[in-house]
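Residue numbers for the sequence shown follow the UniProt record's numbering, so the first one is 1 and each next one is one higher.
No residue lacks a Cβ here, since even glycine has one placed at the ideal position from N, Cα and C.
What you are looking at is a predicted structure, and each value in this text was computed from that prediction instead of being measured.
Just below is one structure, and these are the notes that go with it.
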Amino acid sequence: MEGLESENQEGIGSVRAAISLYGERINGRKQEKLKTRAPLQENSPSKAGELHVAKIGIDRLNETRVFAEKEKACAEAELSTAKSMAKELARKIEEANSKARAQNSELNSVRKQGRSAKSLESDRQYEEVIRELEDVKKEVSRLKLDLASALEANAKAEKEIEASRSKAMVYSQSVEELKEEIEEANEEHVLVEIARIEADRERREIEAKREAEADQFAKNLEAARKRIEDLKREINRTKELESKLAVTKSDVEVLQNEMELVRAMERKDKENGSQKGDLEGRSMLRSAQAELDAAKKELGAIKEEGFQFMASMDQIRKEMLRISKETERLKKLGKKADSHVQYLNSKLLKAKSKLESAAAAEERTKGIVSNLSSALQQLKNETEGAKQEKETIDNETQNIRSKNEKADMEISSIEERLQAAVKELEAAKASELVALKKLKIATEKAMKARASAVLKSSTLTISKSEYDYLSKRAAAAQAVADKKVAASRAWIEALKAGEKEMLMRAEHLEKQMREARAMEKQKLLEAERTSIDKRKMEEQVHETNWTEENEEEGEEGSTLPVGAAVAPRKSLRNENGNRGGPRRSKMRRVSASSAARIAQSPSFTIKKKRKVMPNLVKFLRDRRNEK
1 MEGLESENQE
11 GIGSVRAAIS
21 LYGERINGRK
31 QEKLKTRAPL
41 QENSPSKAGE
51 LHVAKIGIDR
61 LNETRVFAEK
71 EKACAEAELS
81 TAKSMAKELA
91 RKIEEANSKA
101 RAQNSELNSV
111 RKQGRSAKSL
121 ESDRQYEEVI
131 RELEDVKKEV
141 SRLKLDLASA
151 LEANAKAEKE
161 IEASRSKAMV
171 YSQSVEELKE
181 EIEEANEEHV
191 LVEIARIEAD
201 RERREIEAKR
211 EAEADQFAKN
221 LEAARKRIED
231 LKREINRTKE
241 LESKLAVTKS
251 DVEVLQNEME
261 LVRAMERKDK
271 ENGSQKGDLE
281 GRSMLRSAQA
291 ELDAAKKELG
301 AIKEEGFQFM
311 ASMDQIRKEM
321 LRISKETERL
331 KKLGKKADSH
341 VQYLNSKLLK
351 AKSKLESAAA
361 AEERTKGIVS
371 NLSSALQQLK
381 NETEGAKQEK
391 ETIDNETQNI
401 RSKNEKADME
411 ISSIEERLQA
421 AVKELEAAKA
431 SELVALKKLK
441 IATEKAMKAR
451 ASAVLKSSTL
461 TISKSEYDYL
471 SKRAAAAQAV
481 ADKKVAASRA
491 WIEALKAGEK
501 EMLMRAEHLE
511 KQMREARAME
521 KQKLLEAERT
531 SIDKRKMEEQ
541 VHETNWTEEN
551 EEEGEEGSTL
561 PVGAAVAPRK
571 SLRNENGNRG
581 GPRRSKMRRV
591 SASSAARIAQ
601 SPSFTIKKKR
611 KVMPNLVKFL
621 RDRRNEK
């Protein structure tokens, strides 16, 4: 601004020089700052396109934030269910341990007593324990899957937060660029105002000069009119004098004729010799001679006055020629001043239109910047909230990981204890088999003894316990069989319900994947449409600017004098290129990656669950075959 003040103090000769000077100053500053940057009017469509893209990006960011919040809520719900399932599994494991202890105690009592009914009951309890162990293993695997999905959702939320943070950084950079452009527009606005003030000052000076010249011309015309009137009076006087001269000439001729007559009369009188006639003739001759002399003097004076009038007429003619030339010169100057004033008026109108467009663009940019600043503040608040949420999620994930590690350790210890219990049960079962073999041998010996006794006598004596055992064995076996059948049916129904639930979940996830893909395709189509519209707008603006430049160059070439400097315009495409392209591609890449993550995570969980289910079925079949 100091340079501008010094230039204004020095003074600018004409409006064209001021415009060219300020245009060169503007172009110089733009080349120092951005080297190739189009004017504000040419940048306004690209800015509008960039702001449209920024709004689309903000909408996408809000959608991703909502999706991340939903994923976080789902992850928290899954974590709470996993915690409750872990507690339930711990409780079931404790119950299984207590049952295993009770089973061990019962096995010990069976070993001591060696009763067959107790051995059947121990088999049934052993099967129940095995079934419960399988349920526990299934629940543990399901808990592991849920924990893995929760961790995956947490990682996805962290990635979404990072993406939102990067988008916020990009938007902040775009806001900074817009602020710089607004500052440049303000500088251009100030320069245009200064040029307008200079143009008004020069217009007032030119109008004052025109008025002064018009007054001088009017005065000169009035003086010329007065001179012409005086010359007309002099001409009339000369005409009167000429008429008088003609009259005097006629009088002189008459007098000359009279003199001739007098001389003839004198000759006659001389001939007659009359003395009286001589005296009268001489007196008449003298009077005629005196009149003739007076007429000659008057004629000489009239001739001198005629010569003077002829000289004054020549001077008047010369003055008339000079006045006509002066009037023609003043007319030419007036026409030139009119054309210059018209040119200045056209320049002022163009400057006013540019100033109005710059003011409108400045107002639009101010509104856009205010909206972007509010959006940026909102994004900052959201990023801060996201940071806090991320910290809480990190703490929760660390706690969950520690709890998962503890649960894994507990599960591994429980599995070790269960394996030890299974080994103990298998050892007990082996000991029971040995006891049963011994019991069979003893019963065979007793049966042989009884058979030999039956051969000797017709009656067979048995103990009361054997009688009770034989009478109650069928009912107990039937009850155990019914319980086994009911348990197998319940297990089959549970498996079917689990498979149905898994299928429903898979269908729901596939539906979500299809919806996400459709939304992503729609967003891509919208982005492509916006990019196409932006390109069309840029081409239209480029064409209009090109035509305006050609028109202005033609007008300036016809009106401006040689040597007038005009600030060159630069096209929007040569300077900015496609400024919105990289941002759009970046946002497309981010959206595509998020869609890929959304599309990949459910299929991964489905594959894992589908892979786990055959393993469980295979394990159960192996256990049944072993039984």
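In angstroms with no decimal places, state the Cα-to-Cα distance between residue 211 and residue 337.
11 angstroms
Let me know if residue 534 comes out buried or exposed under the rule of 16 or more other beta-carbons within 10 Å of its beta-carbon.
buried
Quick check: what's the CA-CA separation for residue 149 versus residue 483?
37 angstroms
Note down the Cα distance separating residue 246 from residue 317, rounded to an integer number of angstroms.
26 angstroms
Let's test the definition: count the other Cβ atoms within 10 Å of the Cβ of residue 347 and tell me whether it reaches 16, buried, or not, exposed.
buried
Nearest-angstrom beta carbon gap, residue 380 and residue 163 [assumed within contact, 8 angstroms]
Actually they do not touch by this definition, with Cβ atoms about 16 angstroms apart.
Cut-off 8 angstroms between Cβ atoms - residues of its own chain near residue 185, not counting five sequence neighbours on either side
40, 358, 361, 362, 365
Is the separation between the beta-carbon of residue 349 and that of residue 213 shorter than 8 angstroms?
no
Considering only the beta carbon of each residue, do residue 292 and residue 259 sit closer than 8 angstroms?
yes
Beta-carbon within less than 8 angstroms of residue 81's beta-carbon, same chain only, minus the 5 sequence neighbours each way: which residues are those?
146
Would you say the stretch 219-229 touches the stretch 318-326, given that touching needs at least three Cβ pairs under 8 angstroms?
yes
Flag this pair as yes or no: are the beta carbons of residue 201 and residue 351 separated by less than 8 angstroms?
no
Mind checking whether residue 221 and residue 302 have CB atoms under 8 angstroms apart?
no
Whole-angstrom distance between residue 356 and residue 369, CA atom to CA atom:
19 angstroms
Near residue 254, what residues of its chain come up, given a Cβ to Cβ distance below 7 angstroms and the 5 sequence neighbours on each side ignored?
none
For residue 91, which option in 166, 411, 443, 248 has the closest C-alpha, if you only look at C-alpha atoms?
411
Let's test the definition: count the other Cβ atoms within 10 Å of the Cβ of residue 604 and tell me whether it reaches 16, buried, or not, exposed.
For residue 604, the predicted model reports a pLDDT of 37, less than 50, meaning its position is unreliable; a value from the coordinates is still stated below. Exposed: under 16 other Cβ atoms inside 10 Å.
Given the structure, does residue 252 come close to the ligand PLP, in the sense that its CB is under 7 angstroms from one of the ligand's heavy atoms?
Only the bare structure without any ligand can be found here, which leaves the ligand PLP out of the picture.
Report the option in 439, 84, 192, 433 whose CA atom is closest to the CA atom of residue 353.
192
Inter-residue spacing [alpha-carbon to alpha-carbon] between residue 152 and residue 546
55 angstroms
Ignore the nearest five residues each way along the sequence and tell me which others in residue 331's own chain have a CB closer than 8 angstroms to its CB.
none
Do you know how far the Cα of residue 234 is from the Cα of residue 287?
35 angstroms
So, using beta-carbon positions, are residue 73 and residue 393 closer together than 8 angstroms?
no
So, is residue 174 buried or exposed, given that buried needs 16 or more other C-beta atoms within 10 angstroms?
buried
Measure the beta-carbon distance from residue 161 to residue 386 and round it to whole angstroms, keeping in mind my assumption that it falls under 8 angstroms.
5 angstroms
If you draw a straight line from the alpha carbon of residue 223 to that of residue 309, how long is it in whole angstroms?
20 angstroms
Cβ neighbour criterion (16 or more within 10 Å) applied to residue 532:
exposed
How many whole angstroms separate the CB atoms of residue 340 and residue 206, which I take to be in contact at a CB cut-off of 8 angstroms?
7 angstroms
Is residue 131 near residue 490, with beta carbons less than 8 angstroms apart?
no
Take the Cβ of residue 493 as the centre, count every other Cβ of all protein chains shown within 10 Å, and call the residue buried at 16 or more, exposed below.
exposed
What does the alpha-carbon distance come out to for the pair residue 244 and residue 251?
10 angstroms
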